[in-house]
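So the structure is just underneath, and the comments pick up after that.
In the UniProt record's numbering, the protein residues as written are 1 to 114.
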């Protein structure tokens with residue numbers, strides 16, 4: 001089993017090939033390609049590679065599926081003894097990304113040597 005840990009939007013996500021993840025909003029339209037260069041960890045058939053802080057030769061490639069909003073979060077503010085109450089809502093913009101592949105730089109290095 002091959003999976004990686006990537007960082008995007010100041011959060012970390014565990015991704016596998018042929019899976020879909022919801023990340024903070026990325027610019028682009030559905031169908032656009034996206035590459036994640038900040039790969040922090042790679043596990044390939046039990047072989048673990050940990051970046052310090054990231055792996056330079058690994059790229060996670062994906063495709064934007066949709067742009068949507070997340071669940072509504074209600075935020076309440078209250079001040080004691082002054083009858084002040086306020087409730088506001090927030091919906092985070094999210095991007096659904098389909099992970100096509102986790103590619104290593106080894107194949108490109110082999111091609112360059114030939």
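The beta carbon of each residue, even a glycine, is placed where N, CA and C say it ideally should be.
Sequence-distant Cβ neighbours of residue 67 in its own chain, meaning closer than 6 Å and more than five residues away, are 95. Nearest in C-alpha terms to residue 47, of all of 82, 92, 26, 1, is 1.
When rounded, the separation of the alpha-carbon atoms in residue 16 and residue 84 is 48 Å. With contact defined as three or more Cβ pairs closer than 8 Å, the segment 29-37 and the segment 72-92 are not in contact. Put simply, the backbone Cα of residue 10 is about 12 Å away from that of residue 26.
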